[in-house]
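Asker: The structure that follows is given in the form of structure tokens.
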Amino acid sequence: MALILAIESSCDETAASVVRDGRDVLSNVISTQIETHKKFGGVVPEVASRKHLEAINPVIDQALSDAGVSKEELDYIAVTYAPGLIGALLVGVSAAKALSLALDIPLIPVHHIRGHICANFIEHPNLEPPFVCLVASGGHSHIVYVKDYTEFEVLGQTRDDAAGEAFDKVARVLGLGYPGGPKIDSLSKEGNENAVWFKKVKFGGDSLDFSFSGIKTAVINYCHNAEQHGEEINKADVAASFQKSVCEVMVDNLLEAAQRKGCKKICLAGGVACNSRLRKELEARKGENEIFYPSPIFCTDNAAMIGCSAYYESLASNFADLSLNATAYLEIDFK
Ligand code: KG4
Ligand code: ZN
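Residues 54 to 388 in this note's numbering are what the sequence shown lists, from first letter to last.
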């Protein structure tokens, strides 16, 4: 049996979780900084680091106490070390190294995006690789072929903004607040998604890449044009039309990727995987494919997914020593 204490602090959530044997989540504590960053319309990195410092020890203590596990019973410490905001990551990495040293147990470094993908294993005990996964979050939009638990091939990725970033920016333009994804998701339910046509960006040839900055600019231009003409926009219609275009292009490329790989299992991951329109689009067009996605609490940043990924990294003997450092950018298929 392997008991892992996992720590996540790559962006604006300080999180800790105790996970048994990779898929059994004994506790999942998340301290969010959303209220703090809301007034700035987005995450302020330096403020995030300070908030992580305040929260990290209480969050770890809470995760242990919720799980009914003492520090001495732990077998491993796991931590997100890349990619993310460097100052934010450093808080988690330092705490994890201190615990690993004090308890004299191995340290497992976890890639944040691998963690998001592994969130799918938590509630689907029979799910195993290979499968194709769309990881769409505030910082990343990738289509990944998950060959094995620690082996990944990127089939497509955004060439500019991440999907979540586009949701957040469009929400800002519409005056909906931060984070924008959930606000656009719920407002869209009151709108007509065919009211405004926003072009889907597709690259030529075999590319499964995305571009979301064009559609974001198109929404901004649409709003500014209306303003200049003294016309009032229907925010729900704009939100729904934007969301439809983004979700359709993500599902187009995801289904194409699965077909190319001859793979009938498709997963969603990352904060944008919470999106109800995205799930609906994929369910409607899935054909013979089997679809998996985590509950919303495991889609957005959490440490349970890090504990899950860490378990499989440990089976592959991917450990770190105390020289482990935080890394802001790192491809998911790093060697
Ligand atoms: O995975 P995550 O918690 O953090 C990162 O690693 O970035 O993702 C956060 C992103 C934000 O951009 C947020 O607006 C988006 O996920 N998001 C959503 C929804 N819920 C969260 N986007 C669209 N629809 C949602 N329901
Ligand atoms: Zn994330």
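We put the beta carbon where it would ideally sit given N, CA and C, even for glycine.
Report, in whole angstroms, the separation of the C-beta atoms of residue 204 and residue 133, which I expect to be a contact under 8 Å.
Answerer: Here residue 204 refers to the residue found at position 151 of the sequence shown. Here residue 133 refers to the residue found at position 80 of the sequence shown. Incorrect: roughly 19 Å between the Cβ atoms, too far for contact.
Asker: Please report the straight-line C-alpha distance between residue 327 and residue 363, rounded to a whole angstrom.
Answerer: Along the sequence shown, one-based indexing puts residue 327 at 274. Along the sequence shown, one-based indexing puts residue 363 at 310. Going from the Cα of residue 327 to the Cα of residue 363 covers about 23 Å.
Asker: Just the Cα atoms here: how many angstroms apart are residue 152 and residue 130?
Answerer: To locate residue 152, count along the sequence shown from 1; it is residue 99. To locate residue 130, count along the sequence shown from 1; it is residue 77. Roughly 7 Å separates the two Cα atoms.
Asker: Hey, residue 217 and residue 239: beta-carbon distance below 8 Å or not?
Answerer: Residue 217 sits at position 164 when you count from the first residue of the sequence shown. Residue 239 sits at position 186 when you count from the first residue of the sequence shown. No. Outside cutoff.
Asker: Going by other Cβ atoms of all chains shown within 10 Å of its Cβ, with 16 needed for buried, is residue 88 buried or exposed?
Answerer: The residue labelled residue 88 in the question sits at position 35 within the sequence shown. The residue is exposed, with fewer than 16 neighbouring Cβ atoms inside 10 Å.
Asker: Given a cut-off of 8 Å on the beta-carbon distance, is the pair residue 163 and residue 314 in contact?
Answerer: Within the sequence shown, residue 163 is the residue found at index 110, counting from 1. Within the sequence shown, residue 314 is the residue found at index 261, counting from 1. Going by C-beta atoms, residue 163 is not nearer than 8 Å to residue 314.
Asker: Which of helix, strand or coil does DSSP assign to residue 137?
Answerer: On the sequence shown, residue 137 is found 84 positions in, with the first residue counted as 1. Reduced to three states, the DSSP call for residue 137 is coil.
Asker: Between the alpha carbons of residue 12 and residue 319, how many angstroms are there, rounded?
Answerer: Look at the range of the chain in this structure, 54 to 388, and you will see that residue 12 is not part of it.
Asker: For residue 362, is the beta carbon positioned less than 7 Å from some heavy atom of the ligand KG4?
Answerer: Residue numbering aside, residue 362 sits at position 309 when the sequence shown is read from its first letter. The answer is no for residue 362.
Asker: Taking the alpha helix (DSSP H) that residue 221 belongs to, which residues open and close that run?
Answerer: Residue 221 sits at position 168 when you count from the first residue of the sequence shown. Per DSSP, residue 221 belongs to the alpha helix (DSSP H) from 216 to 226.
Asker: Would the C-beta of residue 190 count as close to the ligand ZN, meaning under 7 Å from any of its heavy atoms?
Answerer: In the sequence shown, counting from the first residue as 1, residue 190 sits at position 137. Yes, Cβ of residue 190 sits closer than 7 Å to a heavy atom of the ligand ZN.
Asker: In the stretch 78 to 119, which residue ranges form an unbroken alpha helix (DSSP H) of at least 4 residues, counting only runs that do not cross its ends?
Answerer: Segments of the alpha helix (DSSP H) lying fully in the stretch 78 to 119: 87 to 91.
Asker: With respect to 7 Å, is the separation between the Cβ of residue 218 and the closest non-hydrogen atom of the ligand KG4 below this value?
Answerer: To locate residue 218, count along the sequence shown from 1; it is residue 165. Because some heavy atom of the ligand KG4 lies under 7 Å away, the Cβ of residue 218 counts as near it: yes.
Asker: If I measure Cβ to Cβ from residue 300 and keep anything under 6 Å in the same chain, skipping five residues before and after, which residues do I get?
Answerer: The count along the sequence shown starts at 1 and reaches residue 300 at position 247. If we look at residue 300 and ignore the five residues flanking it on each side, its Cβ neighbours are 330, 331 and 334.
Asker: Given a cut-off of 8 Å, decide if residue 96 and residue 65 are closer than it, judged by their beta-carbon atoms.
Answerer: As a working note, residue 65 is residue 12 in the sequence shown. As a working note, residue 96 is residue 43 in the sequence shown. In this structure, residue 96 lies closer than 8 Å to residue 65 by Cβ.
Asker: Between residue 212 and residue 259, is the Cβ-Cβ spacing less than 8 Å?
Answerer: Mapped onto the sequence shown, residue 212 falls at position 159. Mapped onto the sequence shown, residue 259 falls at position 206. No.
Asker: Do you know offhand how far residue 366's Cα is from residue 236's?
Answerer: Taking the sequence shown and counting its residues from 1, one reaches residue 366 at position 313. Taking the sequence shown and counting its residues from 1, one reaches residue 236 at position 183. Rounded to the nearest angstrom, the two C-alpha atoms are 35 Å apart.
Asker: Name the residue from 220, 125 and 86 whose alpha carbon lies nearest to the alpha carbon of residue 57.
Answerer: Here residue 57 refers to the residue found at position 4 of the sequence shown. Among 220, 125 and 86, the Cα nearest to that of residue 57 belongs to 125.
Asker: Taking 7 Å as the cut-off, is the CB of residue 237 close to at least one heavy atom of the ligand KG4?
Answerer: Indexing the sequence shown from 1 puts residue 237 at position 184. At least one heavy atom of the ligand KG4 is nearer than 7 Å to the Cβ of residue 237, so yes.
Asker: Once DSSP output is grouped into helix, strand and coil, what is the label at residue 61?
Answerer: Residue numbering aside, residue 61 sits at position 8 when the sequence shown is read from its first letter. Looking at residue 61 - three-state DSSP - the assignment turns out to be strand.
Asker: Cα-Cα, which of 288, 63 and 234 is closest to residue 166?
Answerer: Within the sequence shown, numbered from 1, the residue matching residue 166 stands at position 113. The shortest C-alpha separation from residue 166 is found at 63.
Asker: Which residues mark the beginning and the end of the alpha helix (DSSP H) in which residue 238 is found?
Answerer: Position 185 of the sequence shown holds residue 238. Residue 238 -> alpha helix (DSSP H) spans 233 to 241.
Asker: How about residue 165: is its Cβ closer than 7 Å to a heavy atom in the ligand ZN?
Answerer: Translated into the one-based positions of the sequence shown, residue 165 becomes position 112. Yes, since a heavy atom of the ligand ZN falls inside the 7 Å radius drawn around the Cβ of residue 165.
Asker: According to DSSP, is residue 167 helix, strand or coil?
Answerer: By one-based count along the sequence shown, residue 167 stands at place 114. Three-state result, residue 167: helix.
Asker: Report yes if the CB atom of residue 183 is closer than 8 Å to the CB atom of residue 202, and no otherwise.
Answerer: As a working mapping, residue 183 is identified with position 130 in the sequence shown. As a working mapping, residue 202 is identified with position 149 in the sequence shown. No, these two residues do not count as a Cβ contact at 8 Å.
Asker: Quick one: is the Cβ of residue 353 within less than 7 Å of any heavy atom of the ligand KG4?
Answerer: To locate residue 353, count along the sequence shown from 1; it is residue 300. Answer for residue 353: yes, Cβ within range of the ligand KG4.
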